[in-house]
Amino acid sequence: MDKYQQKAVRMMEWLMLIAAIILVVIGKLTGDTFFLRLATEALIFGGLALSVDLLLGIVGLLSLGQALYFGFGAYLSALILRDWMPSFWLCIVVVAISSALLGWITSFIALRSKGVYFALISFGLAQVFAKSVYNTRSLGASDGMVGVPVIQIPFPFITLNLGDAITFFVITFIFMAGIYFTLKYFLYTPLGRIWNGVRSNESRLPYLGYNTQVPKRIAFVLAAVVAAVSGALYPMLRGFVSPELMYFSVSGNAVITVVLGGVGTLIGALFGSSLLMILKSVIGTLTLHHHIVIGLLFVIIVIFAPKGIVGMLSAKLKVKGAQ
Amino acid sequence: MLESLQFIFAPQIINGLSIGVAVILMALGLTIIFGLLDVINMSHGEFYAAGAFLSVSLMSLGISFWWTLMIVPLLLVPFGIAMQELLIKKVFHHKDRHILTLLLTFGVATILEDLYKVIWGANTAKPATPITGASDILGVMFPNYRIFLMIFGAFLILSVWLFIYKTSIGSIVRAATLDRDMSASLGIPVNKVYALTFAFGVALAALAGVLLAPIYSVFPTMGKDFILLAFAVVIVGGLGSIKGAVIAGLLLTQLQSLSSLYISPVWSDPIVFSVMVLVLMFKPSGLYTGMKNG
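Heads up: the protein sequence lines correspond to chains A and B, in order.
Residue 74 in my numbering sits at position 74 of the first sequence, with consecutive numbering throughout.
Residue 258 in my numbering sits at position 258 of the second sequence, with consecutive numbering throughout.
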């Protein structure tokens with residue numbers, strides 16, 4: 001990351017914060033919560049995109065099956081909240097621990113291969129899981145699970161009700177910001193440097209005395225946890241889960257989001273997700289066939305701006321800086 | 001024992017084979033495109049759907065099925081050339097070529113699938129079977145169209161194989177796969193080869209679409225459902241390997257149809273993908289590699 005890119009990232013971070021504040025203020029004033037709910041959903045899928053960017057942009061592994069962990073988190077969360085105990089903290093902790101375990105186990109399958117084959121094996125794993133869930137009657141089969149209760153989050157002095165759209169949005173925003181800054185912190189640790197090394201030239205690192213398999217495994221498990229805890233928020237927002245959450249279109253969308261925002265920038269994942277959600281709902285009100293527009297936009301971005309929004313912004317800043 | 005073989009296994013094997021040849025046709029297109037261009041074509045399934053839709057439309061104009069079988073693949077050739085020349089070529093020299101082309105073709109697939117809904121509507125169509133009746137083979141009745149499908153499919157697969165390995169055009173394609181720069185310096189118009197090969201793969205997918213339309217229904221998302229199986233075949237067989245695509249195609253479709261004798265057919269997809277994951281675990285590059293040797 002050069003100087004200009006860092007500046008661009010900093011600008012995007014502020015932009016996200018300002019946009020969030022504006023949304024909350026408008027929500028408070030008008031009482032219209034439609035956009036807040038949409039923004040919350042954008043952030044939740046932004047969490048999935050973050051995990052894709054951690055793998056793709058930082059470690060250089062293209063995952064086409066990250067929806068597996070997202071869907072796992074969503075299903076587990078729905079099960080815990082509905083059938084066990086409607087507790088936010090319990091849910092997040094259990095999801096985090098079990099997704100770490102799932103990520104650790106699946107990493108032994110996925111990390112055997114590299115490059116294009118990694119992409120394909122991650123895709124295959126997600127397919128197996130998604131189809132199995134789709135066929136399992138006790139998990140609601142093709143209908144998914146409905147009736148996830150609205151929950152309260154107890155804090156030491158205050159109890160927050162997630163049924164309130166503004167509260168839910170703020171909680172999700174803080175949650176994602178927490179994940180974002182944690183991942184960003186990791187980048188500047190020795191581990192993060194090794195991740196960068198793996199992306200640039202993996203076969204070189206062993207010559208320098210570094211093991212690459214362990215750092216890759218850590219990144220893989222971390223990405224699984226990030227995707228799963230983001231997914232855990234989904235049933236709290238929508239009240240249901242369905243097998244579509246694990247499908248390829250969700251994984252594919254997350255990759256698109258990351259490319260739109262800017263690969264390897266992390267903030268690009270959250271920003272891209274918000275932008276995509278805005279586009280989808282705006283175009284969705286104009287035409288029934290918004291996929292055509294989204295697809296076109298996507299083709300244009302890949303061809304003309306493969307570095308995404310952060311890339312475009314930092315190029316602008318560079319020109320400005322040179323003048 | 002012999003009776004169960006005759007009345008239970010044989011029909012399943014025949015059914016598996018008739019789907020198998022169509023899957024192999026799809027997989028051949030995918031694997032040739034990957035072998036030559038390093039492009040994982042996510043929109044391949046949409047070309048399969050395009051083949052089926054165009055066939056249905058042409059037939060409603062009064063053109064017979066047999067003509068659509070010839071016309072439809074040709075209709076899609078210019079589209080394939082355009083896609084390679086206008087889109088894929090633009091990101092071809094980027095260092096993240098794998099990822100970018102995958103995303104690009106994914107975008108095209110998104111557009112096409114919605115476009116089909118606009119043009120043909122979201123309803124399913126089912127063209128009439130061009131060959132009706134059934135034949136008695138060893139005391140079991142098989143639909144004539146499925147028998148035709150198997151024979152014609154096998155003929156097509158063999159033709160593709162011979163085309164790639166026994167003709168001079170095929171050897172040009174293989175040379176370009178092996179070493180692009182060397183081929184270019186020997187005077188092979190590599191860009192033209194790329195465009196035509198891409199179009200060839202697209203035409204094969206369309207052909208598979210025309211052939212399968214009378215068996216399955218025709219609907220906008222049909223490509224998405226079928227492409228996953230074709231992907232599994234290509235991956236198990238080894239990306240870029242023609243031999244691998246044929247063998248894996250037979251293997252996986254037989255696995256699919258025979259396993260449905262014992263467990264519910266809804267589990268056939270998880271089984272196929274589990275096999276794919278297993279193969280990738282132990283032989284990460286698939287059963288066979290590359291296009292170089294027959």
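The C-beta atom is built at its ideal place from N, Cα and C for all residues, glycine as well.
Residue B/Phe148 holds the alpha-carbon nearest to the alpha-carbon of B/Pro130 among B/Asp96, B/Met141 and B/Phe148. Non-local beta-carbon contacts of A/Pro243 in its own chain, meaning distances under 7 angstroms to residues more than five positions away in sequence, involve Ala130, Val133, Tyr134, Ser142 and Gly144 in chain order.
Going by C-alpha positions, B/Leu25 is about 14 angstroms away from B/Gly223. Out of B/Ser285, B/Pro11 and B/Lys283, the CA that lies nearest to the CA of B/Ile137 is found in B/Pro11. Annotation for A/Leu54: Leu183, Ala219, Leu222, Ala223, Val226 and Leu266 place their beta carbon closer than 8 angstroms to its own, counting only its chain and skipping 5 residues before and after. Shortest Cα-Cα distance from B/Val72 to any of B/Ile19, B/Ser241 and B/Leu207 involves B/Leu207.
Residue pairing from DSSP leaves B/Phe148 without any beta-bridge partner. Counting C-beta atoms within 10 angstroms of its own C-beta, B/His44 has 16 or more neighbours from the protein chains shown and is therefore classed as buried. By the criterion of a C-beta distance shorter than 7 angstroms, B/Thr253 is surrounded in its chain by Gly16, Ile19, Gly20 and Val23, once the five residues flanking it on both sides are discounted. The beta carbon of B/Ser268 sits closer than 7 angstroms to those of Gln256, Ser259 and Ser260, all from its chain and outside the five residues before and after it, given in chain order.
The beta carbon of A/Gly57 sits no closer than 7 angstroms to any beta carbon of chain B. For B/Pro270, the enclosing alpha helix (DSSP H) has its first and last residue at Ser268 to Phe282. Your pair A/Gly27 and A/Ala177 does not check out as a contact, with CB atoms roughly 18 angstroms apart and the cut at 8 angstroms. Identification of chain A residues near B/Val266 by a Cβ-Cβ cut-off of 7 angstroms yields Asn135, ordered along the chain. Taking 7 angstroms as the Cβ-Cβ cut-off, the stretch 296-316 of chain A approaches chain B at Leu296, Phe298, Val299, Val302, Ile303 and Pro306, given in chain order. The beta-carbon distance between A/Ile109 and A/Leu125, rounded to whole angstroms, is 7 angstroms. This is short enough to meet the 8 angstroms contact definition. Counting other Cβ atoms within 10 Å of its Cβ, A/Pro206 stays below 16 and is therefore classed as exposed. By the C-beta criterion, the stretch 88-99 of chain B is judged to be in contact with the stretch 302-321 of chain A, since at least 3 inter-stretch pairs fall below 8 angstroms. With its beta carbon at least 7 angstroms from every one in chain B, A/Gln213 lies outside the interface.
If you ignore the 5 residues before and after B/Pro78, its C-beta comes within less than 8 angstroms of the C-beta of Ala199, all in its own chain and listed in chain order.
Under a 10 Å Cβ-count criterion, B/Arg174 is classified as buried, with 16 or more other Cβ atoms of the shown protein chains found around its own Cβ.
By alpha-carbon distance to A/Phe34, the top candidate from A/Ser314, A/Leu296 and A/Val282 is A/Val282. Taking 8 angstroms as the upper bound for CB-CB distance, A/Leu245 and A/Ala78 are not in contact here, some 10 angstroms apart. Taking the beta carbon of A/Gly252 as reference, the chain B residues within 7 angstroms of it are Phe106, listed in sequence order. Taken through DSSP and simplified to helix, strand or coil, B/Pro127 comes out as coil. The shortest C-alpha to C-alpha distance from B/Gly244 to any of B/Ala176, B/Leu178, B/Leu30 and B/Ile14 is the one to B/Leu30. Contact between the stretch 154-174 of chain A and the stretch 183-193 of chain A is absent: fewer than 3 CB-CB pairs across the two stretches fall below 8 angstroms. Per DSSP, reduced to three states, the secondary structure at A/Asn161 is strand. Spatial neighbours of A/Gly262 in its own chain (CB-CB distance under 7 angstroms, excluding positions within 5 residues in sequence) are listed in chain order as Gly268, Lys307, Gly308, Ile309, Val310 and Gly311. Interface criterion not met: the Cβ of A/Gly140 is under 7 angstroms from no Cβ in chain B. With its beta carbon less than 7 angstroms from one in chain A, B/Pro284 belongs to the interface. If only uninterrupted beta strand (DSSP E) runs of at least 3 residues are considered, those enclosed by the stretch 154-212 of chain A are 159-161. For the C-beta of A/Arg112, the chain B residues within less than 8 angstroms are, from N- to C-terminus, Leu280, Met281 and Pro284. For B/Pro143, the uninterrupted beta strand (DSSP E) segment begins and ends at Val140 to Pro143.
The beta-carbon of A/Gln5 is placed no less than 7 angstroms from the nearest beta-carbon of chain B. Going by C-alpha positions, A/Leu297 is about 10 angstroms away from A/Leu276.
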